[in-house]
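Everything in the sequence shown is counted per my numbering, starting at 149 for the first residue and increasing by one. Reviewing the structure listed below.
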Amino acid sequence: MEEKRIEQKLVRMTSRLGGVALKFISPGCAGVPDRLVLMPGGKAAFVEVKAPGRKPRPLQIRRISQLRRLGFQVFVVDGTDQIEEVLQKIGGDA
C-alpha cells in the first residue's frame with residue numbers, strides 16, 4: 149500500500165470522528181511530521197505517515213524527538229491497521 153493511501157485513510161477516519169488532519173508544512177523547518185491531527189476537546193498530535201515497512205529518516209527522527217521533548221504526542225504510522233489505535237490515543241473514539 150502506498151503512503152498516500154494510508155494518509156488519505158487517516159484524513160477520512162479523523163474527519164469521521166469530528167476532527168481534522170491538516171497537512172503540516174513548515175518552510176525552513178525540514179523533517180516535520182506529515183499531519184497535525186486536531187480532535188474535538190482540544191486534543192492534538194503529530195502523525196508521520198510512511199509506506200509499509202519504511203522508517204523515518206534521521207532528520208525526521210530528530211524532529212520527532214524534539215517535538216516529544218516539547219510535550220507533544222507524535223506517532224509514526226506505516227499501515228492503515230494502525231490508524232484506529234492512533235486516533236484513540238489522540239483522543240478520538242475510533
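From the three backbone atoms N, C-alpha and C, an ideal C-beta is built for every residue, glycine too. Model, not experiment: these values are computed from the prediction.
Contact check, residue i vs residue j, beta carbons under 8 Å
{"i": "alanine 178", "j": "valine 222", "result": "no"}
{"i": "isoleucine 212", "j": "methionine 161", "result": "no"}
{"i": "proline 200", "j": "aspartate 182", "result": "no"}
{"i": "leucine 215", "j": "leucine 165", "result": "no"}
Close beta carbons around residue i, own chain, < 7 Å, minus the five adjacent residues each side
{"i": "glycine 167", "result": "Val185, Leu186, Met187, Pro188 and Gly240"}
{"i": "valine 159", "result": "Ala169"}
{"i": "serine 174", "result": "Val180"}
Three-state secondary structure (DSSP) of residue i
{"i": "valine 234", "result": "helix"}
{"i": "arginine 202", "result": "coil"}
Sequence-distant residues of the same chain with beta carbon closer than 8 Å to residue i, five excluded per side
{"i": "arginine 153", "result": "Thr228"}
{"i": "lysine 237", "result": "Ala193, Gln221 and Phe223"}
Among the options, the one whose alpha carbon lies nearest that of residue i
{"i": "phenylalanine 172", "options": "Ser163, Arg164, Leu165 and Glu196", "result": "Glu196"}
{"i": "glycine 126", "options": "Phe220, Glu151, Gln156 and Lys157", "result": "Lying before the first or after the last residue shown, residue 126 is absent from the chain, which here runs from 149 to 242."}
{"i": "proline 206", "options": "Leu218, Val180 and Gly176", "result": "Val180"}
Integer Cβ distance of residue i from residue j, believed to fall under 8 Å
{"i": "glutamate 151", "j": "lysine 198", "result": "6 Å"}
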